[in-house]
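Convert by adding 1148 to the 1-based position in the sequence shown; the result is the number in the numbering used here.
Every residue, glycine too, gets a C-beta built ideally from N, C-alpha and C.
Structure, as structure tokens:
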Amino acid sequence: KTLFLIGATVESGQRIAGCGMGPDAYRAAGLTTILRDLGREVRDLGNLAPAPLREVVPVNDRVHRMAECVAWTEALIEAGQQAATQGMPIFLGGDHSLALGSVAAMAAHAGREGRPLFVLWLDAHSDYHTPVTSDSGNLHGTPVAYLTGRDGFDGFPELAAKVDPARVCMIGLRSVDTEERAALRSSDILTHDMRDIDETGIVRPLREFLERVRQENGLLHVSLDVDFLDPAIAPAVGTTVPGGATFREAHLVMELLHDSGLVSSLDLVELNPMLDERGKTARLMIDLTASLFGRRVIDRPNRPF
Ligand code: DIR
Ligand code: MN
Ligand code: MN
Ligand code: MN
């Protein structure tokens, strides 16, 4: 399948400038070349323009730049669906509010194919606030709530298809706000905090989830937030949280995802090149992407699970 790179310079989902340079940082770090060297056909669609701004009424005045986020969501839903019919979209962010659109697009696409969409959320945060519960008002903390159909998203595009919470798996959690935690407790979302990873290793929860995707013949969207990674190896993100995934844990996740053959779309989000150390985080993110697309050290029998 052809890989379609879709840049979205969205940074309205949070308050630190710089995320908008993410797509070009991935390009400068060599994303296209690295994927072509793995034998993939790559088409870089460039950076998307947001839809025209509409007047929207935020549910409260804490909500930050909602009209822009809505405009990006509309554009991403359109572009994502288009790319998904022709190949495999890779969404380059931009902050994590990008996923309001990218995952909505993939859910619509999966719905048209008559297949369920599964979502793997690799993040320190659960991003399960609604605009009503968010105390930061930052919409990058809300995509999982939107996509699973929680209330509070008046003014956002109507979802063509919701994601079943039981088909969402979060790995890497270590910063969950009180309201999110309560809402997660009464949802069917699979949550794995860093303690789980410490106790069982990262392979077990991932394999269990992939097994389900395969059994149900699902499509799998992977949303990779830079802050899934430990800040020591990935400093270029506005919301660093100590105690994240190590270099090898992160690559192992990507390697297992590759071997599964189940991934149908990917977000690379929250990279802020202004906060990077000589491109270190951008490079790590594209190396992880390479692992997801089959880079390996030695040949080995392809045993999916
Ligand atoms: C926090 C931070 N939970 C908020 N969220 C995020 O603002 O609601 N960073 N997402 O990735
Ligand atoms: Mn996030
Ligand atoms: Mn995060
Ligand atoms: Mn909160």
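Contact check, residue i vs residue j, beta carbons under 8 Å
i: residue 1412; j: residue 1214; result: no
i: residue 1252; j: residue 1225; result: yes
i: residue 1379; j: residue 1425; result: no
i: residue 1436; j: residue 1258; result: no
i: residue 1242; j: residue 1171; result: yes
i: residue 1154; j: residue 1256; result: no
i: residue 1177; j: residue 1431; result: yes
i: residue 1389; j: residue 1323; result: yes
i: residue 1340; j: residue 1319; result: yes
i: residue 1351; j: residue 1316; result: no
i: residue 1168; j: residue 1158; result: yes
i: residue 1223; j: residue 1197; result: yes
i: residue 1221; j: residue 1249; result: yes
i: residue 1244; j: residue 1300; result: no
i: residue 1326; j: residue 1310; result: no
i: residue 1370; j: residue 1307; result: no
i: residue 1406; j: residue 1442; result: yes
Rounded straight-line distance, which links the Cα of residue j to that of residue i
i: residue 1294; j: residue 1376; result: 20 Å
i: residue 1337; j: residue 1445; result: 34 Å
i: residue 1365; j: residue 1218; result: 31 Å
i: residue 1415; j: residue 1240; result: 6 Å
i: residue 1423; j: residue 1163; result: 14 Å
i: residue 1334; j: residue 1185; result: 45 Å
i: residue 1387; j: residue 1150; result: 33 Å
i: residue 1409; j: residue 1279; result: 35 Å
i: residue 1208; j: residue 1281; result: 10 Å
i: residue 1303; j: residue 1265; result: 24 Å
i: residue 1312; j: residue 1267; result: 9 Å
i: residue 1179; j: residue 1152; result: 12 Å
i: residue 1275; j: residue 1285; result: 12 Å
i: residue 1397; j: residue 1404; result: 11 Å
i: residue 1372; j: residue 1393; result: 12 Å
i: residue 1216; j: residue 1227; result: 17 Å
i: residue 1428; j: residue 1420; result: 11 Å
i: residue 1321; j: residue 1332; result: 12 Å
i: residue 1187; j: residue 1210; result: 47 Å
Nearest-angstrom Cβ-Cβ length linking residue i and residue j, presumed shorter than 8 Å
i: residue 1374; j: residue 1418; result: 4 Å
i: residue 1277; j: residue 1290; result: 5 Å
i: residue 1354; j: residue 1401; result: 6 Å
i: residue 1238; j: residue 1434; result: Residue 1238 to residue 1434, Cβ: 11 Å. No contact.
Next item on the list: Please specify which runs of the beta strand (DSSP E), each continuous and at least 3 residues long, are wholly inside the segment 1353-1438, giving them in chain order.
Entry: 1367-1373 and 1411-1417
Item checked: Contained alpha helix (DSSP H) runs [length at least 4] in the segment 1152-1185, N- to C-terminal order -> As far as the segment 1152-1185 is concerned, its whole alpha helix (DSSP H) runs of at least 4 residues are 1170-1176 and 1179-1185.
Note to self: Give the list of continuous alpha helix (DSSP H) stretches no shorter than 4 residues that lie fully inside the segment 1229-1276.
What the structure shows: 1246-1261
Notebook entry, point to check: Counting by C-beta, which residues lie closer than 5 Å to a heavy atom of ligand 3, in chain order?
Noted result: Ordered along the chain, the selected set is 1271, 1272, 1273, 1373 and 1375.
Check: Could you give the uninterrupted runs of the beta strand (DSSP E) lying entirely in the segment 1279-1322, keeping only those of 3 residues or more?
Finding: 1316-1321
Item checked: Residue ranges of each alpha helix (DSSP H) within the segment 1321-1351, 4 or longer -> 1326-1333 and 1342-1348
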